[in-house]
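Chemist: Counting in the numbering used here, the final residue of the sequence shown is number 343, and the numbers go up one at a time with none missing. A virtual CB, placed ideally from N, CA and C, is assigned to each residue, including glycine.
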Amino acid sequence: KKCNHKLGNNWMLDLGDYFEIHIELNGTIIQLKFYPEISGFNNMSDSIVNQNISGTKFMGWNIPVPKAKVTGFIDQKGQKANVKGIGYHDHIWGNSTQNKEIKQLCLGKIHDGDLLIYYTLVIEHGQSMLLGKLIAAHKDNKAIIWESSLLGETIKAKIVGYDTVEETGDKIPKQIILRHNDIELNIALKEIFLRKEFMKHRLGGKYFFRFLGEESYKLKFDKKIFSGKTNSLHEVLIF
105 KKCNHKLGNN WMLDLGDYFE IHIELNGTII QLKFYPEISG FNNMSDSIVN
155 QNISGTKFMG WNIPVPKAKV TGFIDQKGQK ANVKGIGYHD HIWGNSTQNK
205 EIKQLCLGKI HDGDLLIYYT LVIEHGQSML LGKLIAAHKD NKAIIWESSL
255 LGETIKAKIV GYDTVEETGD KIPKQIILRH NDIELNIALK EIFLRKEFMK
305 HRLGGKYFFR FLGEESYKLK FDKKIFSGKT NSLHEVLIF
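1) Is the beta carbon of Ile280 sitting closer than 8 Å to the one on Cys210?
2) Does the beta carbon of Ile280 fall short of 7 Å from some heavy atom of the ligand FMN?
3) What's the C-alpha gap between Gly265 and Glu319?
4) What residues in its chain sit with their C-beta under 6 Å from that of His193, if we drop five residues either side in the sequence?
5) Three-state secondary structure (DSSP) at Gly189?
6) Under the rule that 16 or more other beta-carbon atoms within 10 Å means buried, what is Gln180, buried or exposed?
7) Buried or exposed: which applies to Val226, given that a residue is buried once 16 or more other Cβ atoms fall within 10 Å of its Cβ?
8) Would you give the residue range spanned by the beta strand (DSSP E) that Leu209 belongs to?
9) Could you tell me the alpha carbon to alpha carbon distance between Leu341 and Glu270, rounded to whole angstroms?
10) Can you tell me the Cα-Cα spacing of Phe330 and Lys260, whole angstroms?
11) Out of Asp326, Lys310, Lys327, Ser336, which one is the CA nearest neighbour of Gly317?
12) Do the segment 282-297 and the segment 171-191 meet, that is, are 3 or more Cβ pairs less than 8 Å apart?
13) Is it right to say Lys106 is buried, meaning 16 or more other beta carbons lie within 10 angstroms of its own, or is it exposed?
14) Do you know whose CA, among Asn113, Asp118, Gly120, lies nearest Gly345's CA?
15) State the beta-bridge partners of Lys322 as determined by DSSP.
16) In whole angstroms, what is the alpha-carbon distance linking Asp248 and Tyr223?
17) Let me know if Phe361 comes out buried or exposed under the rule of 16 or more other beta-carbons within 10 Å of its beta-carbon.
18) If we ignore side chains and look at the alpha-carbon of each, how far apart do Trp250 and Glu339 end up?
19) Between Thr345 and Leu136, what straight-line distance do the alpha-carbon atoms span, to the nearest angstrom?
20) Give me the Cα-Cα distance between Leu119 and Phe138, rounded to the nearest whole angstrom.
21) Could you tell me the distance, in whole angstroms, from the CA atom of Ala241 to the CA atom of Lys328?
22) Short of 7 Å in beta carbon distance, which residues of its chain neighbour Pro277, apart from the five on each side in sequence? Order them along the chain.
23) Between the C-alpha atoms of Phe177 and Thr258, what's the straight-line distance to the nearest angstrom?
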């Protein structure tokens, strides 16, 4: 219900008007303040994104800070630099990584002025798409959430081509198209990060990749039409 995490000299706290993050690690100190511009939201009343039929495996995802102005500093062994920009904070948890059918989890966020779009896409072995979620929020409106326990019920998804990561042999979607009655989102995954340093993800995946993407969207929000092209950050988790 409220962010209040402390571990040694590290903390993340909801202080009302802003969130404060303080991290000390290997001679580096990071201290940031997040001033939310849009109220946070859950995907569902219980925050569960999906669960199997028996209800024993699930994955939760909510976004306490969809978009925020960020100020603070980074101090690396005495070299201090002030930082200023735009940030966000989400939270993913669960035990669905025990499901051997899940191969990849794709997720990303798009910020374009006062408009925000978030998505998740679960890919099973055999490249079939199992679960999806689309969220749109505007600074002057509440969030609109489209979700589907089985893709095709409310969200239409299509993957156009795959690229192979040379170091691991994993096939990563080259282009993702997500559609609903009121939105069409086209995502092309371009430049990859962490190519030489594959990091294990806390959800239990083998590692994850980060991409810069090129996106285009068209969205009907509160009887208004929004469209645009952006460059945003995306993640692909490998299980």
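Modeler: According to the structure shown:
1) As a first step, residue 280 must be located in the sequence shown, where it is residue number 176. As a first step, residue 210 must be located in the sequence shown, where it is residue number 106. Yes, they are a contact pair.
2) The ligand FMN is not among the ligands present in this structure, which contains no ligands whatsoever.
3) Numbered from 1 along the sequence shown, position 161 holds the residue referred to as residue 265. Numbered from 1 along the sequence shown, position 215 holds the residue referred to as residue 319. So the two alpha carbons sit approximately 16 Å from each other.
4) Within the sequence shown, numbered from 1, the residue matching residue 193 stands at position 89. Here the set comprises Pro168, Val169.
5) Looking up residue 189 in the sequence shown gives position 85. In this structure, Gly189 counts as strand in the three-state DSSP scheme.
6) The residue given as residue 180 occupies position 76 in the sequence shown. Exposed, by the Cβ-count rule.
7) Residue mapping note: residue 226 aligns to position 122 of the sequence shown, counting from 1. Buried.
8) Start at 1 with the first residue of the sequence shown, and residue 209 comes out as number 105. Leu209 -> beta strand (DSSP E) spans 206-216.
9) On the sequence shown, position 237 is the one that residue 341 refers to. On the sequence shown, position 166 is the one that residue 270 refers to. So the alpha carbons of these two residues sit roughly 16 Å apart.
10) Position 226 of the sequence shown, counting from 1, holds the residue named residue 330. Position 156 of the sequence shown, counting from 1, holds the residue named residue 260. Between Phe330 and Lys260, the C-alpha separation is close to 20 Å.
11) Taking the sequence shown and counting its residues from 1, one reaches residue 317 at position 213. When only C-alpha atoms are compared, the closest one is Ser336.
12) no
13) The sequence position of residue 106 within the sequence shown is 2, counting from 1. Exposed, because fewer than 16 other Cβ atoms sit within 10 Å of the Cβ of Lys106.
14) Any question about residue 345 goes unanswered here, given that the chain covers just 105 to 343.
15) For this step, residue 322 is matched to residue 218 along the sequence shown. Bridge partners of Lys322: Glu288, Ser331.
16) Here residue 248 refers to the residue found at position 144 of the sequence shown. Here residue 223 refers to the residue found at position 119 of the sequence shown. Checking the sequence, you will find Ile at residue 248 rather than Asp. Cα-Cα distance, rounded: 12 Å.
17) This structure does not reach residue 361, given that the chain is present from 105 up to 343, and the question cannot be answered.
18) Position 146 of the sequence shown, counting from 1, holds the residue named residue 250. Position 235 of the sequence shown, counting from 1, holds the residue named residue 339. Cα to Cα, Trp250 sits roughly 20 Å from Glu339.
19) Any answer about residue 345 is impossible in this case: the structure gives the chain only from 105 up to 343.
20) Along the sequence shown, one-based indexing puts residue 119 at 15. Along the sequence shown, one-based indexing puts residue 138 at 34. So the alpha carbons of these two residues sit roughly 10 Å apart.
21) As a position in the sequence shown, residue 241 is number 137, starting the count at 1. As a position in the sequence shown, residue 328 is number 224, starting the count at 1. In a straight line, the C-alpha of Ala241 is about 13 Å away from that of Lys328.
22) If you number the sequence shown from 1, residue 277 lands on position 173. Closer than 7 Å at the Cβ level, and outside the excluded window around Pro277, lie Cys210, Ile263, Tyr266, Leu293.
23) For this step, residue 177 is matched to residue 73 along the sequence shown. For this step, residue 258 is matched to residue 154 along the sequence shown. One C-alpha to the other measures close to 43 Å.
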